[in-house]
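*Asks:*
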Amino acid sequence: MFIENIRLENPRRGFIEVICGSMFSGKTEELIRRLKRAKYAKQRVEIFKPAIDQRYDEKKVVSHDDNAIHSTPIKSAAEILPMATNIEVVGVDEAQFFEDDLVAVCNHLANKGIRVIVAGLDMDYLGVPFGPIPQLVATAEYVTKVHAICVKCGSLANHSHRIVKEETLVMVGEMEAYEPLCRLCFSQLYPPLLNPETGSMANVSNVDLD
Ligand code: ZN
Numbered sequence: 172m173f174i175e176n177i178r179l180e181n182p183r184r185g186f187i188e189v190i191c192g193s194m195f196s197g198k199t200e201e202l203i204r205r206l207k208r209a210k211y212a213k214q215r216v217e218i219f220k221p222a223i224d225q226r227y228d229e230k231k232v233v234s235h236d237d238n239a240i241h242s243t244p245i246k247s248a249a250e251i252l253p254m255a256t257n258i259e260v261v262g263v264d265e266a267q268f269f270e271d272d273l274v275a276v277c278n279h280l281a282n283k284g285i286r287v288i289v290a291g292l293d294m295d296y297l298g299v300p301f302g303p304i305p306q307l308v309a310t311a312e313y314v315t316k317v318h319a320i321c322v323k324c325g326s327l328a329n330h331s332h333r334i335v336k337e338e339t340l341v342m343v344g345e346m347e348a349y350e351p352l353c354r355l356c357f358s359q360l361y362p363p364l365l366n367p368e369t370g371s372m373a374n375v376s377n378v379d380l381d
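With positions in the sequence shown counted from 1, the corresponding number in my numbering is that position plus 171.
(1) For P351 versus A311, is the C-beta distance shorter than 8 Å?
(2) What does the Cβ neighbour count give for N282, buried or exposed, with the cut at 16 atoms within 10 Å?
(3) Can you grab the Cα-Cα spacing for the pair G298 / R204, in whole Å?
(4) Under 7 Å: does the beta carbon of L355 sit that close to some heavy atom of the ligand ZN?
(5) Taking the straight line between their C-alpha atoms, what separation do you get for I190 and K323?
(6) Does the distance from the CB of I285 to the CB of V314 come in under 8 Å?
(7) For L307 and L280, I'd like the C-alpha separation in whole angstroms.
(8) Taking the alpha-carbon positions, what's the N257 to C321 distance?
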């Protein structure tokens, strides 16, 4: 699969890459692969993640298979700017947890000639586009959508179904809290409803998780 459509003949030409998908789709593994490859090429790399994501290690971007790379936890996207001087590649993991100003920050960095690689969930557990990811997808040069495998039917999964009863949007969890589902299996639990007034999509749960 050819998933990186990048021209590298001018290393100072900045651009944005987005790696998005559901949980368990390998987003972080793909981010780490690209960042490690840049490091092998002696490029100066900085990696950031929201301080909220402390599942495994405060200072590392850690994927589910223990493939780790050092990162800096930050509270807001604006903190990236002063730390990204003299840097060639900036990685951002769990980007869905940042505010919308991440979009302006990433575009500012790319305009300055930095390669920006952003990984994040494209939809929340209700199937609604998540945080700044939709705007990043729209403004990025390259978008890679990765998929998990549906635990119910084995098809490609694009939803992160929450299997514990918890209604806060930001809930960092693992295998015990979420499962990947395909569109069909997810839609049987959360039929999508189109709001006729706004035209926006909302999902309404008809499932009692108790
Ligand atoms: Zn399925």
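Yeah, the Cβ is synthetic: ideal placement off N, Cα and C, and Gly gets one too.
*Replies:* From the atom records:
(1) no
(2) exposed
(3) 27 Å
(4) yes
(5) 24 Å
(6) no
(7) 13 Å
(8) 42 Å
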